[in-house]
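Data first, discussion second: the structure below is written as structure tokens.
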Amino acid sequence: MTMGYRKQYSHRHFIGTVEQHEREEEGSEVINDIHLLDFAVSYQHTPRWSFSAGVPVMVASRTSSRSGQVVHSKGIGDLTVSARTWLWRPPTESRQNIAVGFGVKMPTGKPDVTDTVYTLQGPVVRTVDQSIQLGDGGWGVTVSTDMFKVVKKATLFATGIYLINPRNTNGVLTGRSRASEAVMSVADQYLAQAGVVYPFPWIRGAAVNIGGRIEGVPVRDIFGRSGGFRRPGYAISLEPGFFYTRGSDTWSFNIPVPLERNRRRSTSDIIDGRHGDAAFADYLILVSYTRRF
4 MTMGYRKQYS HRHFIGTVEQ HEREEEGSEV INDIHLLDFA VSYQHTPRWS FSAGVPVMVA
64 SRTSSRSGQV VHSKGIGDLT VSARTWLWRP PTESRQNIAV GFGVKMPTGK PDVTDTVYTL
124 QGPVVRTVDQ SIQLGDGGWG VTVSTDMFKV VKKATLFATG IYLINPRNTN GVLTGRSRAS
184 EAVMSVADQY LAQAGVVYPF PWIRGAAVNI GGRIEGVPVR DIFGRSGGFR RPGYAISLEP
244 GFFYTRGSDT WSFNIPVPLE RNRRRSTSDI IDGRHGDAAF ADYLILVSYT RRF
């Protein structure tokens, strides 16, 4: 059983890799404050095969500095069930192994959350921004890999996961003026990490890690069309962290700090001859607790 927490406070606006400092100076920045709890249960069927199911719970707000409007969303996200297998039966004499996994992402999160905003004509109920929606409204397939190699006391590792979303758009209106951005896109997503873990010399069961991380949304999906409104781009981060294991319990704490943030042009940007922006965070806070039974 694993419980994870992610805090993300996004307020740095980028077009490409260039930060738009004028957004803060003129008071037009938009701020996302996202708190994500992830609950997962795994079952080790054999030394090689395991199965898991996980669902996120999100509480988020989006603030417009210019108008002072704040909209909220909260609830469960999209449920994922998956299976994973190690290529070699653990433990391996070579002290290295590779796992591959496949899963299904179900559209259990609401993709059309609304909230009330206040205009000169009075209160109006509107769909909240795509960035704080609870789900994307599409079925998806996840493909993942985990690998490690023990070198003396250190452990080298790499992980990656890609979410394939074949659906083009989910039919939820964005409220944007451009026809190419009228409905929300159901975009692929990806995450990859690599680094090294080394035992902490003075605390038994403790270890520190340092590595790199990239996560983002592609301009075009692997399968299907990539229309509608999306904010493609990525963040490349340096990710230091700390692990502590005692008996059947493991705690982890990581703070990825971005080295590069890039808001790429979407297909709707290309159609309209423009380049939209996106807000990125200065850091993430990632905390997890795992209990083995």
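According to our numbering, the stretch in the sequence shown is residues 4 to 296, in order. Glycine included, each C-beta is placed from N, C-alpha and C at the ideal position. On a predicted model such as this, the values are computed, not experimentally measured, just so you know.
Euclidean distance between Cα positions of residue i and residue j
i, j, result
"Thr172", "Ser271", "12 Å"
"Asp81", "Gly143", "10 Å"
"Tyr292", "Gly250", "13 Å"
"Ser97", "Trp89", "14 Å"
"Val189", "Glu22", "26 Å"
"Asp118", "Leu176", "14 Å"
"Ile274", "Trp52", "46 Å"
"Ser31", "Thr66", "10 Å"
"Phe151", "Glu184", "42 Å"
"Ala197", "Gly214", "5 Å"
Buried/exposed call for residue i, threshold 16 Cβ in 10 Å
i, result
"Lys155", "exposed"
"His24", "exposed"
"Tyr237", "buried"
"Phe105", "exposed"
Residue i, DSSP secondary structure in three states
i, result
"Arg223", "coil"
"Ala282", "strand"
"Thr111", "coil"
"Ser134", "helix"
"Glu29", "coil"
"Asp275", "helix"
"Ser55", "strand"
Same chain only: Cβ atoms within 6 Å of residue i, ignoring 5 sequence neighbours per side
i, result
"Ala157", "Val199, Tyr201"
"Ser134", "Asn35"
"Ala195", "Gly163, Ile217"
"Ala56", "Val44, Val84"
"Val120", "Gln72, Val127, Arg129"
Neighbourhood of residue i by C-beta, 7 Å cutoff - its chain only, sequence neighbours within 5 removed
i, result
"Trp91", "Asn100"
Unbroken alpha helix (DSSP H) run spanning residue i, endpoints
i, result
"Gln96", "Checking the displayed sequence, the identity of residue 96 turns out to be Glu instead of Gln. Taken as a continuous stretch (DSSP letters only), Glu96 belongs to no alpha helix (DSSP H), as it is neither H nor E."
"Ile79", "That residue, Ile79, is in no alpha helix (DSSP H); its beta strand (DSSP E) goes 73-79."
Continuous beta strand (DSSP E) stretch holding residue i: start and end
i, result
"Ser85", "82-89"
"Ile37", "33-47"
"Ser13", "5-18"
"Ile164", "157-167"
"Ile258", "Careful: Ile258 lies outside any beta strand (DSSP E) and carries neither H nor E."
Same chain only: Cβ atoms within 8 Å of residue i, ignoring 5 sequence neighbours per side
i, result
"Tyr46", "Ser53, Phe54, Ser55"
Residue-chain proximity (residue i, chain B), Cβ-Cβ < 8 Å
i, result
"Thr177", "Of the chains in the structure shown, none is chain B; there is only one protein chain."
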